[in-house]
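See structure below.
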Amino acid sequence: MADPVVAHDPLNILRAHIAAKHPVLLLDKTQQHTVDAVIKASYISLDPSPEGEPPQRVVIPADTPTRFTTQLNDAGTTYTLAQLTYVFQSLGNSAADYMKNSSVANVGVHVATGIGSSGVPGGAENAFRPVTLIDRRVVQEYLMGGEAPAGRILVLGSRPEDNHFEGSLPAPHNPAVSTLLAPTDASQGYDPSQTQPSQAAAGKRKAYVVNQADVEAVKKIHSQEISIQDRYDTLRITVGGKKNDFTALRKAIMAERVKPLRELFKTQKPGAPIFSHGTGDRPKKQRAAQQNIILLSSSPTALITMWNVKRFLQEGVYEKSDQAKARQQAEGNRRLEDVIVIYRTITALDGTERKIKYYALENTDVLSRLAGPEAAWDRVLCVFTTGQAWQFKNYRWTDPRELFKHVRGVYFQLSNDQPHPAIKDWKVQTYKIDPYARHTDKPTVGAFWSYVESPRR
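Per the UniProt record's numbering, residue 1 is the first one in the sequence shown, and the count goes up by one each step.
Structure below.
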């Protein structure tokens, strides 16, 4: 024989009714006529019997409280049978329709004084408030056979003040429903006295006991944690988090090298050479400081073009050339400039920033106009190539093998493409761009700048 408390629990009956796929009957106050919406119903008729077995209709007041609480781990308020039934009948509705259709009703949230009290028939206690949109999906999953959400379903037969919740409740299975639910005749109606709490079922929650082994394991993990750093972090910050101060080092360099040079400038006569030897290095250093021109390829297959080079080298974000072109034209930049100015920001050890200006272009005629025909190639920092030899026909060195002996060569390719076979014999540096992972662009650009700005050997 089934436990009467289990057999007459509204929540169990509703779940069994849904699992059996029986129609819900919504009744008025007389229980003789049906209504078209749960928000108008005073009673709800459910049939928890499995499909194929004799009907066992149970008539329950619509505002009967259930064991489903409105707040996590708080038995103070519970959802009524009408509210849960409304969620089930609104499965296919949007959130807007769900709230709109519930705006006119009169069955409210029952303030629990005991699990199993009958409430006021007809739902005149408060205005109808549906299950919140946040809880709607949780309620739907549970009613359709899901596990009990933690801290939301009171243990059957417990008292509200016990705050005793089910941890997990398996989905109702049709063959087992008949054993959980006693045969009930429709004429008998719903007897709320059968759902009074059982003292034997009541229990206290156990206090949480900290596992010391887990605590020690976490401490050990934290003690062996390694912070990810780059080579600049080791210069700026010590292990303890204190910033390194290089003021003393700067003063020492100033005293040993800079001040003697200043004194030498003061004592030299106008027009006299400052250095007595090593003057042959001066033009070379001066020329290196002026190398600020990046020569691009005009090939339509090039990954880096005049349209996307600025954002790539200055911001560290790769954008396809056609997309960059469409974006700039939409912003009003219809004509492509002959020279693109790129600013590279460098942060010193003391935190100060300075900007270095570079020029990107793809036409050798523009190169001659910008730097002069004599010193043009002395100012070229690097050449971007696509592996096609026709690119170099108007260069000072038309043979790529000879060209890249004098100028740095850079080859960009997509990470999922094969490199051009011609670059195997050229002295070029290869960089790969991921077509999807934009977070890898900045490290690629950083490696490029480190390469082109390093001294040539």
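Idealized CB from N, CA, C, for every residue including glycine.
In this text, all values refer to a predicted model and were calculated from it rather than measured experimentally.
Per DSSP, the beta bridge partners of Gly409 are Val383 and Val428.
Collapsing the DSSP output to three states places Arg327 in a helix. The DSSP-derived three-state label of Pro65 is strand. Per DSSP, Tyr358 is one residue of the beta strand (DSSP E) stretching across Glu353 to Leu361. In this structure Leu143 touches Ile18 by the C-beta definition: roughly 6 Å separates them, less than 8 Å. Burial is judged here by how many other beta carbons sit within 10 angstroms of a residue's own beta carbon; Phe265 has fewer than 16 and is exposed. Per the coordinates, the alpha-carbon of Ala16 lies some 18 Å from the alpha-carbon of Tyr43. Rounded to whole angstroms, the gap between the alpha carbons of Ala96 and Ile13 is 29 Å.
Excluding residues up to 5 positions away in sequence, Met306 lie with their Cβ nearer than 6 Å to the Cβ of Leu336 in the same chain. By the neighbour-count criterion, in which a residue is buried when 16 or more other Cβ atoms sit within 10 angstroms of its Cβ, Arg159 is buried. By the neighbour-count definition (other C-beta atoms within 10 Å, threshold 16), Thr70 is a buried residue. Of all alpha-carbon atoms in Gln388, Leu361, Asp399 and Arg334, the one lying nearest the alpha-carbon of Leu381 is that of Leu361.
Ile39 has its alpha-carbon roughly 13 Å from the corresponding atom of Lys29. For Tyr79, the enclosing beta strand (DSSP E) stretches over residues Asp74 to Thr80. Restricting attention to Asp230, Leu72 and Ala41, the CA atom closest to the CA of Asp63 is found in Ala41. Ranked by how close their Cα comes to the Cα of His22, the residues Arg57, Ala37 and Gln31 have Arg57 in first place. With a 10 Å radius around the Cβ and a threshold of 16 neighbouring Cβ atoms, Ser103 comes out exposed. By the CB criterion at 8 Å, Leu414 and Pro435 fall inside the cutoff. In this structure Arg396 does not touch Gln291 by the C-beta definition: roughly 15 Å separates them, more than the 8 Å allowed. In chain order, Ile293 and Arg379 place their CB closer than 7 Å to the CB of Ala371, counting only its own chain and leaving out the 5 sequence neighbours on each side. Separation of the CB atoms of Phe88 and Ile153 is rounded to 16 Å, and the pair is thereby denied contact status at 8 Å. Measuring C-alpha to C-alpha distances from Ser45 to each of Val35, Gly52 and Glu51 identifies Val35 as the nearest. The three-state secondary structure of Thr347, taken from DSSP, is strand. Across the structure, Trp377 and Thr386 are spaced so that their CA atoms are roughly 20 Å apart. One Cα belongs to Lys310, the other to Asn244, and the distance between them is close to 34 Å.
Per the coordinates, the alpha-carbon of Leu27 lies some 23 Å from the alpha-carbon of Asn93. Straight across, the Cα-Cα distance linking Tyr431 with Glu263 is about 47 Å. Under DSSP, Thr34 takes part in a beta bridge, and its partners are Leu27. By the neighbour-count criterion, in which a residue is buried when 16 or more other Cβ atoms sit within 10 angstroms of its Cβ, Asn73 is exposed. The residue among Arg344, Val428, Pro421 and Trp426 with its C-alpha nearest the C-alpha of Lys442 is Arg344. Bridge partners of Phe165 according to DSSP: Leu154.
Using a Cβ distance threshold of 8 Å, Pro130 and Gln83 count as a contacting pair.
Straight-line spacing of the CA atoms in Ser299 and Thr267 works out to 56 Å. Within the model, the alpha-carbon separation for Glu331 versus Thr444 is close to 28 Å. Under a 10 Å Cβ-count criterion, Gln391 is classified as buried, with 16 or more other Cβ atoms of the shown protein chains found around its own Cβ.
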